[in-house]
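Engineer:
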Amino acid sequence: MDQVSAYAPLLINAAKAVVVLIIGWIVAGMLSGLVRRRIVSHPQIDDTIGGFAASIVRWLVLLITLIAVLQLFGIEATSLVAVLGAGTLAIGLALQGTLSDVAAGVMLIIFRPYRIGQFVDVGGTSGTVKDLNIFVTELVTPDNVQIIMPNGQAWGSVVTNYSAHDTRRLDLTFGIDYGDDVDKAIQIILDVANADERVHKDPEAWVRVTNLGDSSVDLGVRLWCAAENYWELKFHMLKAVKEAFDAGGISIPYPHSVEIQKAG
3 MDQVSAYAPL LINAAKAVVV LIIGWIVAGM LSGLVRRRIV SHPQIDDTIG GFAASIVRWL
63 VLLITLIAVL QLFGIEATSL VAVLGAGTLA IGLALQGTLS DVAAGVMLII FRPYRIGQFV
123 DVGGTSGTVK DLNIFVTELV TPDNVQIIMP NGQAWGSVVT NYSAHDTRRL DLTFGIDYGD
183 DVDKAIQIIL DVANADERVH KDPEAWVRVT NLGDSSVDLG VRLWCAAENY WELKFHMLKA
243 VKEAFDAGGI SIPYPHSVEI QKAG
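To convert a position in the sequence shown, counted from 1, into the numbering used here, add 2.
1) In three-state terms, what does DSSP make of K186?
2) Could you please give the first and the last residue of the uninterrupted beta strand (DSSP E) stretch that includes Q155?
3) When the Cα of W319 is compared with those of L74, V29 and L174, which residue comes out closest?
4) Helix, strand or coil: which one does DSSP assign to R114?
5) On the CB-based measure, 16 or more other CB atoms within 10 Å of its CB, does Y232 come out buried or exposed?
6) Using only the alpha-carbon positions, how far apart do D185 and L192 sit?
7) Taking the alpha-carbon of F137 as reference, which of P144, I69, P152 and P115 has the nearest alpha-carbon?
8) Identify whether T143 lies in helix, strand or coil by the three-state DSSP scheme.
9) With respect to the alpha helix (DSSP H) encompassing K236, which residues constitute its N-terminal and C-terminal limits?
10) Which residue marks the beginning of the beta strand (DSSP E) containing A229, and which one marks its end?
11) Per DSSP, what kind of secondary structure is V219 in: helix, strand or coil?
12) Note down, in chain order, each residue of its chain lying with its Cβ closer than 6 Å to the Cβ of S34, except the 5 sequence neighbours on either side.
13) DSSP puts V161 in a beta bridge; with which residues?
14) What's the call for S43, buried or exposed, on a 16-neighbour Cβ count within 10 Å?
15) Measure the CB-CB distance between I51 and I111 and report whether it falls below 8 Å.
16) I'd like to know if the region 176-190 and the region 129-148 are in contact, where contact means that at least 3 CB-CB pairs between them fall below 8 Å.
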């Protein structure tokens with residue numbers, strides 16, 4: 003009984019600590035979700051800030067919860083601060099990567115090389131930005147694969163943002179036979195492009211001879227369109243120009259295999 007009574011306060015504090023942790027975890031999730039929703043609902047605030055602010059709120063609440071749990075076991079906040087202050091160097095070395103990710107996250111929020119919903123290439127990794135918090139950036143590839151990238155790596159890499167501007171230029175190349183009428187082929191491509199409403203009139207469609215290849219005359223095409231129409235316009239142009247070439251008697255060279263047989 004004496005041994006049980008000796009451990010009773012510790013068991014009671016342990017039970018209280020579990021309750022505090024559960025409550026803190028729930029409150030952290032609720033508050034971070036509330037902050038995210040309030041910021042996202044505001045039309046003048048970028049959604050990227052909402053995710054970052056929600057992440058900060060979540061970790062602050064969890065930190066307060068941890069301090070409260072330690073106090074249940076008799077560890078005062080002032081003592082904890084003193085211990086942390088004495089071990090600042092060791093903690094800094096141990097968390098060097100994590101702290102650099104936090105600093106990089108702040109820089110990403112300030113300069114905003116990308117935002118939530120934009121399609122980007124970060125250091126050779128492409129995907130749509132789904133979330134940005136104080137530690138990592140989450141990307142989703144076109145085939146719905148999740149990619150988690152530390153903010154430090156994202157900040158230190160070359161970022162190519164395909165969604166930064168409202169318009170994009172579509173570059174295509176079509177090869178025609180040396181015996182075909184070049185001017186006729188150019189006009190066919192222009193007719194196909196100008197017939198599509200997604201192709202901007204200013205700048206106008208551009209078609210020129212860009213290369214004389216080994217087996218084809220290459221025609222370079224430059225079209226401007228809205229960023230969201232880029233891929234569908236590309237697929238349409240490839241199909242429509244091929245069909246228009248067939249109808250107009252323009253041939254597209256392709257490798258041939260010739261078999262020569264000698265008599266005897």
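C-beta: ideal position from N, C-alpha, C; glycine also.
Structural biologist: Result, derived from the coordinates:
1) helix
2) From DSSP, Q155 is part of no beta strand (DSSP E) but of the alpha helix (DSSP H) over N153 to W157.
3) For the chain, the structure presents residues 3 to 266; residue 319 sits outside this window and is missing.
4) coil
5) buried
6) 11 Å
7) P152
8) Correct three-state label for T143: coil.
9) Y232 to G250
10) Where A229 is concerned, there is no enclosing beta strand (DSSP E), given that its DSSP letter is neither H nor E.
11) strand
12) A56, V59 and R60
13) DSSP lists V124 as the beta-bridge partner residues of V161.
14) Looking at its Cβ environment, which holds fewer than 16 other Cβ atoms inside 10 Å, S43 is exposed.
15) yes
16) no
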